[in-house]
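For reference, the structure discussed in these notes is given below.
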Amino acid sequence: DNNIKTSWVWADLGILNKDLGNYEQAKNLLKKSLTIHENIYEKSHIKTARILMNIGHVYLLERNKEVAKTFLQKALFIFQEHGHPTLHECVGYLRQCD
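Quick note on the numbering used here: the sequence shown kicks off at 425 and runs consecutively.
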């Protein structure tokens, strides 16, 4: 189902699974949400950046820093484009990748 409401549910469930330590499930759900967001919104939309950041955070929690960095850098670029305050959270995660 390719609608935005479904995507929000997947994103929320992905974040919940991340918080519960179910990282594989979290990544799967967040990536499904990302695909829909990128199709409905622009790839440089704030909502897309939030999902990218959450995927990056999951990889960081798994200690897969290189993959985490890729997602987090994409998110940071979007946050910077919009001057969005979430960029500080994203920078914090990126610092943990080094």
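The beta-carbon is built from N, C-alpha and C at its ideal position, and this holds for glycine as well.
Closest residue to LEU458 among ILE475, LYS442 and ILE470 (Cα-Cα distance) = Along the sequence shown, one-based indexing puts residue 458 at 34. Looking at the Cα atoms, ILE475 is the closest of the given residues.
Using the rule of at least 16 other Cβ atoms within 10 Å of the residue's Cβ for burial, across every protein chain shown, is THR430 buried or exposed?
-> Position 6 of the sequence shown, counted from the start, is the residue given in the question as residue 430. When all chains shown are included, THR430 counts as exposed.
Which word fits VAL515, buried or exposed, when buried means at least 16 other C-beta atoms lie within 10 angstroms of its C-beta?
-> Looking up residue 515 in the sequence shown gives position 91. It counts as exposed.
Determine the DSSP secondary structure at GLY445, reduced to helix, strand or coil.
-> Locating residue 445 in the sequence shown gives position 21, counting from the first residue. Here GLY445 sits in coil by DSSP.
Ends of the alpha helix (DSSP H) at LYS498?
-> For this step, residue 498 is matched to residue 74 along the sequence shown. Where LYS498 is concerned, the enclosing alpha helix (DSSP H) stretches over 489–506.
For the alpha helix (DSSP H) holding GLU513, just list the boundary residues, first then last.
-> Stepping through the sequence shown from its first residue, residue 513 is reached at position 89. Its alpha helix (DSSP H) spans residues 511–519.
Based on Cα-Cα distance, which residue from ASN427, ASN488, ASN463 and ILE428 lies nearest to LYS451?
-> Taking the sequence shown and counting its residues from 1, one reaches residue 451 at position 27. For LYS451, the nearest C-alpha among the options comes from ASN488.
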